[in-house]
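No gaps in the numbering here: position 14 of the sequence shown is 156 in the numbering used here, and each next residue is one more.
Glycine included, each C-beta is placed from N, C-alpha and C at the ideal position.
Note that the structure is predicted; figures quoted are calculated from it, not measured.
Below: the structure, in structure tokens.
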Amino acid sequence: MSSSIGTRMPVAPAAPVTHARYRREPYVRCQTGSGSVDGKAVAWTRTEVLLHWIDDDGQAHNRWTPAPTVRRITRDESAWRDPYDDFRFYYQPALAA
């Protein structure tokens, strides 16, 4: 996975920031000019998402990216999976009808 997303350092924007619960961050896919990157949305505002992913070299990345470039995906759709996930959160049993 490429690290060519945005050039902005992971500094919180001026707008109110929402953070996901620890180890329960939603998986997302970010469209870039050269393809896409799968990762987790660890924080967001109405206009930006703080994307976290680890590239093929094992390097961790955190980048603010415009919200329109990001869409939520399931854990199983993601090319990258966080090995420390709270599995019960991502695979909750279906509720009985």
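Task: Under the three-state DSSP convention, the category residue 218 falls into - done: For this step, residue 218 is matched to residue 76 along the sequence shown. Residue 218 falls in the helix class under three-state DSSP.
Open item on the list: With H, G and I counted as helix, E and B as strand and the rest as coil, what does DSSP make of residue 162?
Closed with: By one-based count along the sequence shown, residue 162 stands at place 20. Three-state DSSP puts residue 162 in coil, outside helix and strand.
Open item on the list: In this structure, how does DSSP classify residue 209 when only helix, strand and coil are distinguished?
Closed with: Your numbering for residue 209 matches position 67 in the sequence shown. Helix.
TODO: Decide if the segment 159-176 is in contact with the segment 189-199; the criterion is three or more beta carbon pairs, one per stretch, under 8 Å apart.
DONE: yes
- [ ] In the DSSP assignment, find the beta strand (DSSP E) that holds residue 230 and state where it starts and stops.
- [x] Position 88 of the sequence shown, counted from the first residue, corresponds to residue 230. From DSSP, residue 230 is part of no beta strand (DSSP E) but of the alpha helix (DSSP H) over 229-232.
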